[in-house]
Amino acid sequence: MENIVEVKHFKIGFGDKTVIKDLSFNIKKGEIFGLLGSNGSGKTTTIRALLGFYEPSSGEILVDGKRYNPENAEVAVGYLPEERGLYRKEKVLDTMRYFGELKGLKDPLAWSRKYLKRVGLSDKENEKLEKLSGGQQQKIQLGITIMGDPKLLILDEPTKGFDPMNRRLLMDIIEEHHQKGAAIIMITHYMDEVERLCDRALLLKNGVAKAYGTIAEIKKAYNNKSLEDIFVEVYGGENE
Amino acid sequence: MSSQISKVIKFEIARQLKKPAFWAATLLLPLLIGGIYLVSFLSSRSVNQTPTLDENTKIAVTDDAGIFSENAPFLVKITPEEGRALVKSGELDLYYYLPKDFAETKKAEVYHISEGLDVFNNDGNILKSLLLEDVSAHTSELDRLAMTGNYEIIDHKLNQNGEDENALGKAIIPFAIGIVFFMFVALCGNRFLLNVVEEKENRISEMILTSISAKHLIVGKIFALLVLGIIQIAALVIPILILVYLNRDVGPVNQILSSVEIDPLSIILGLVLFAASAIFYAGTCTFVGSLTSTAKDASSFIGPAIILLVFPLYFMQMFMATDPNLAVQVMTYFPFTAPIALMLRSGFGTISTPEYIIGIAVVSISAAIMVRAAVLTFQKNAINFGSPKLRLKRKH
Numbered sequence: 016m017e018n019i020v021e022v023k024h025f026k027i028g029f030g031d032k033t034v035i036k037d038l039s040f041n042i043k044k045g046e047i048f049g050l051l052g053s054n055g056s057g058k059t060t061t062i063r064a065l066l067g068f069y070e071p072s073s074g075e076i077l078v079d080g081k082r083y084n085p086e087n088a089e090v091a092v093g094y095l096p097e098e099r100g101l102y103r104k105e106k107v108l109d110t111m112r113y114f115g116e117l118k119g120l121k122d123p124l125a126w127s128r129k130y131l132k133r134v135g136l137s138d139k140e141n142e143k144l145e146k147l148s149g150g151q152q153q154k155i156q157l158g159i160t161i162m163g164d165p166k167l168l169i170l171d172e173p174t175k176g177f178d179p180m181n182r183r184l185l186m187d188i189i190e191e192h193h194q195k196g197a198a199i200i201m202i203t204h205y206m207d208e209v210e211r212l213c214d215r216a217l218l219l220k221n222g223v224a225k226a227y228g229t230i231a232e233i234k235k236a237y238n239n240k241s242l243e244d245i246f247v248e249v250y251g252g253e254n255e
Numbered sequence: 004m005s006s007q008i009s010k011v012i013k014f015e016i017a018r019q020l021k022k023p024a025f026w027a028a029t030l031l032l033p034l035l036i037g038g039i040y041l042v043s044f045l046s047s048r049s050v051n052q053t054p055t056l057d058e059n060t061k062i063a064v065t066d067d068a069g070i071f072s073e074n075a076p077f078l079v080k081i082t083p084e085e086g087r088a089l090v091k092s093g094e095l096d097l098y099y100y101l102p103k104d105f106a107e108t109k110k111a112e113v114y115h116i117s118e119g120l121d122v123f124n125n126d127g128n129i130l131k132s133l134l135l136e137d138v139s140a141h142t143s144e145l146d147r148l149a150m151t152g153n154y155e156i157i158d159h160k161l162n163q164n165g166e167d168e169n170a171l172g173k174a175i176i177p178f179a180i181g182i183v184f185f186m187f188v189a190l191c192g193n194r195f196l197l198n199v200v201e202e203k204e205n206r207i208s209e210m211i212l213t214s215i216s217a218k219h220l221i222v223g224k225i226f227a228l229l230v231l232g233i234i235q236i237a238a239l240v241i242p243i244l245i246l247v248y249l250n251r252d253v254g255p256v257n258q259i260l261s262s263v264e265i266d267p268l269s270i271i272l273g274l275v276l277f278a279a280s281a282i283f284y285a286g287t288c289t290f291v292g293s294l295t296s297t298a299k300d301a302s303s304f305i306g307p308a309i310i311l312l313v314f315p316l317y318f319m320q321m322f323m324a325t326d327p328n329l330a331v332q333v334m335t336y337f338p339f340t341a342p343i344a345l346m347l348r349s350g351f352g353t354i355s356t357p358e359y360i361i362g363i364a365v366v367s368i369s370a371a372i373m374v375r376a377a378v379l380t381f382q383k384n385a386i387n388f389g390s391p392k393l394r395l396k397r398k399h
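Protein sequence lines correspond, in order, to chains L and Y. Using my numbering, you'd call the opening residue of the first sequence number 16 and step up by one each time. Using my numbering, you'd call the opening residue of the second sequence number 4 and step up by one each time.
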């Protein structure tokens with residue numbers, strides 16, 4: 016299968032601190048890829064470098080064979096960052112329409128209404144975003160991220176703070192996009208989500224890959240332990 | 004224009020137009036100006052009713068119409084040209100000429116050395132007071148006409164060479180452009196600043212920059228806010244123009260309007276300077292907004308830029324000199340002081356056209372550099388949510 020993301024000997028640092036040390040991996044078109052690690056392991060830095068927010072110190076980090084630039088990107092990317100927000104004073108539908116237009120949707124209003132209905136927020140379309148709860152805002156953010164059926168979805172803790180019912184709903188939406196052929200990078204601390212959804216994963220610790228491969232291969236390398244146990248084993252010493 | 008830029012422009016304009024604060028600021032200022040106008044109008048009326056004469060003012064009147072009594076002390080039998088020469092030599096401060104056909108034309112003439120932009124001078128009132136002092140012996144129709152003040156005074160403001168100088172007429176359009184620029188800064192500066200900071204404060208930048216480049220986003224925002232500035236200025240200027248039109252026959256307004264000198268080159272250059280200055284200021288505010296993470300940081304950073312902008316106003320007297328000193332030259336070509344310095348010198352008529360064009364070129368190039376700097380800074384600093392430090396490792 017063709018790669019949509021290629022990372023070759025990627026290094027990056029800020030000042031004297033090296034955050035990522037010689038990282039190489041790839042993500043295939045249409046797969047769900049888990050990018051795992053404890054806080055500060057370099058996951059978000061890797062994603063930001065992938066999207067062009069940071070320039071690598073050395074190595075390559077490519078989307079569809081090129082450095083990503085929204086101005087001339089051939090592959091549409093949807094990114095739900097960890098640090099996320101919206102125009103708080105704007106109405107839900109106005110905000111969704113704006114992002115829909117930027118992403119080139121033919122009828123952003125119709126798409127937005129359909130999505131709002133799907134996630135149970137139809138009655139909120141004319142509410143200002145600041146009036147919505149955190150969870151409701153997160154659903155809007157996810158909607159904006161998946162607009163236009165991007166071929167690469169990057170979701171940084173998409174279900175953080177959700178109740179089980181809404182978590183299930185969002186997992187279903189993510190699964191639907193996978194079915195449509197999108198490659199998905201999931202950054203999450205919920206190992207059950209990884210086991211349920213991901214084809215392959217990378218465990219990152221202090222900028223170095225500790226495990227990389229299919230979920231079965233990773234488990235095999237750690238004596239068939241559960242992903243949660245593996246996570247505890249790899250990162251357990253960090254809090255001591 | 005890129006379709007992405009036009010989408011940003013559409014969104015930014017629509018969201019600002021929906022804000023009550025936008026319309027409050029837009030409508031409050033005309034009301035304020037209307038109030039000031041009303042107060043000054045009423046004050047000027049009360050001044051008109053009680054004109055005063057400086058005892059040391061050297062006045063002479065040539066009365067070919069025969070209105071004044073023959074023994075009036077200020078009457079002289081000279082021609083207007085001789086009167087002009089006496090004013091030029093300093094022997095007279097004011098010289099009035101009432102022609103023979105005054106009753107038909109209802110036009111008198113006054114000659115005096117120009118003392119700058121004495122917009123609300125009271126030459127008419129002085130003549131009226133002279134007539135009132137002399138009223139005892141005269142009750143004719145002609146006298147009544149003269150005393151009612153229902154006549155026009157052709158004001159010959161002379162330069163030091165004794166030539167007619169229309170300083171006010173020449174200054175009106177450049178100064179009007181300067182005032183409009185000031186209104187633009189007052190109305191829009193904060194919006195430029197906060198519009199960019201908002202992207203970071205609300206944690207939107209990381210999400211939006213995967214769909215649109217920083218260049219398109221920033222250029223779109225700047226364009227949108229310029230359009231909004233023009234809307235606000237139009238809302239402000241149109242009522243003023245209506246007021247001027249309605250009062251076009253009122254003394255000072257009529258005097259100003261009749262003296263306006265329309266020089267197409269000066270108007271074109273003035274408008275180009277206004278556009279370049281507005282973009283320069285917008286770029287500066289956007290640059291500062293891109294550099295900082297919070298509205299509070301941004302506000303403290305923009306202060307010095309605003310101080311520099313108004314700096315030339317503190318030295319206004321220096322800009323009136325036809326031979327500019329080094330400080331004036333520096334302020335004319337230093338990008339942050341250049342907009343106001345150029346507008347002042349253009350208004351006072353103390354800058355040559357080549358110098359003016361060079362100054363406009365400096366502001367235009369600086370505006371382009373500032374917009375570029377704002378784009379690059381936003382690209383590099385878009386995900387700096389915590390501190391005002393620059394991050395230098397982003398490139399699109």
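Quick reminder that beta carbons are idealized off the backbone N, C-alpha and C, glycines included.
Asked: Touching by the beta-carbon criterion (3+ pairs, under 8 Å), the region 224-235 of chain Y and the region 319-326 of chain Y; Found: no
Asked: Any C-beta of chain L under 8 Å from that of K10 (chain Y); Found: yes
Asked: Residues in the region 206-219 of chain Y having any Cβ partner in chain L nearer than 8 Å; Found: R206, I207, E209, M210, I211, L212, T213, S214, I215, S216, K218, H219
Asked: Whole-number beta carbon distance between L144 (chain L) and I161 (chain L), since they are thought to touch under 8 Å; Found: Not a contact, Cβ separation roughly 18 Å.
Asked: Assigned secondary structure, F337 (chain Y) (DSSP; H/G/I helix, E/B strand, else coil); Found: coil
Asked: 8 Å Cβ cutoff, E191 (chain L) in contact with chain Y; Found: no
Asked: A370 (chain Y) Cβ short of 7 Å to the ligand ADP heavy atom set; Found: The ligand content of the structure shown is nil, which means the ligand ADP is not present either.
Asked: Status (buried if at least 16 other CB within 10 Å, exposed otherwise) for V122 (chain Y); Found: Here the model assigns V122 (chain Y) a pLDDT of 41, short of 50, so the residue's position is not dependable, and the following value carries that caveat. V122 (chain Y) comes out exposed.
Asked: Distance, L246 (chain Y) Cα to I207 (chain Y) Cα; Found: 45 Å
Asked: Residues, ordered as in the chain, of the region 63-89 of chain L that lie near chain Y by beta-carbon distance below 7 Å; Found: R63, L66, G67, F68, Y69, E70, N84, P85, E86
Asked: Exposed unless 16 or more other CB atoms sit within 10 angstroms - verdict on M180 (chain L); Found: exposed
Asked: Residue range of the unbroken alpha helix (DSSP H) whose run includes F177 (chain L); Found: Here F177 (chain L) belongs to no alpha helix (DSSP H), and DSSP marks it neither H nor E.
Asked: Limits of the beta strand (DSSP E) - the one that F48 (chain L) falls within; Found: 47-52
Asked: Beta-carbon contacts of T110 (chain L) that lie in its chain and below 8 Å, excluding the five residues immediately before and after; Found: L101, Y102, L144, I155, I159
Asked: Proximity test, Cβ basis, 8 Å: V209 (chain L) and chain Y; Found: no
Asked: Per DSSP, the bridge partner or partners of I259 (chain Y); Found: BP columns for I259 (chain Y) are empty, so no partner.
Asked: CA-to-CA distance, L157 (chain L) to R182 (chain L), given in whole angstroms; Found: 12 Å
Asked: Beta carbon proximity, F14 (chain Y) to chain L, threshold 8 Å; Found: yes
Asked: Beta-carbon gap between F381 (chain Y) and F277 (chain Y) smaller than 8 Å; Found: no
Asked: N41 (chain L) versus L:E142, L:D178, L:L167, residue with shortest Cα-Cα distance; Found: L:L167
Asked: Chain L contact residues for I221 (chain Y), given Cβ-Cβ distances below 8 Å; Found: Under the 8 Å cutoff, chain L gives no residues; its nearest Cβ is about 13 Å from I221 (chain Y).
Asked: Closer than 8 Å to chain Y by CB, F114 (chain L); Found: yes
Asked: Interface partners of V107 (chain L) on chain Y, CB under 9 Å; Found: Ordered by position in chain Y, no residue passes the 9 Å Cβ test against V107 (chain L), which lies about 13 Å from the chain.
Asked: Nearest-angstrom Cβ-Cβ length linking C213 (chain L) and G49 (chain L), presumed shorter than 8 Å; Found: 4 Å
Asked: For I128 (chain L), the first and last residue of its enclosing beta strand (DSSP E); Found: Note that residue 128 (chain L) is Arg in the sequence shown here, rather than Ile. Where R128 (chain L) is concerned, there is no enclosing beta strand (DSSP E), although the alpha helix (DSSP H) it sits in stretches over 123-133.
Asked: Stretch-stretch touch, CB-based, cutoff 8 Å, three pairs: the region 81-88 of chain L with the region 232-251 of chain L; Found: no
Asked: Opposing strand residues paired with K106 (chain L) [DSSP bridges]; Found: L:K143
Asked: For E75 (chain L), three-class secondary structure by DSSP; Found: strand
Asked: Between the CA atoms of S261 (chain Y) and L244 (chain Y) - distance to the nearest angstrom; Found: 15 Å
Asked: CA nearest to the CA of K146 (chain L), picked from L:H24, L:V107, L:D79, L:P96; Found: L:V107
Asked: Same chain, Cβ closer than 6 Å to S49 (chain Y), five either side skipped, listed in chain order; Found: Reliability of the predicted coordinates at S49 (chain Y) is poor, the pLDDT of 46 falling under 50, and no value is obtained from them.
Asked: Through-space distance from N328 (chain Y) to I182 (chain Y), alpha-carbon basis; Found: 25 Å
Asked: Whole-Å CB distance - Q151 (chain L) paired with K139 (chain L), under 8 Å assumed; Found: 7 Å
Asked: Whole-angstrom C-beta distance between A301 (chain Y) and L196 (chain Y), which should lie under 8 Å; Found: 5 Å
Asked: DSSP-derived helix/strand/coil call for H24 (chain L); Found: strand
Asked: Backbone secondary structure at A324 (chain Y) - three-state DSSP; Found: coil
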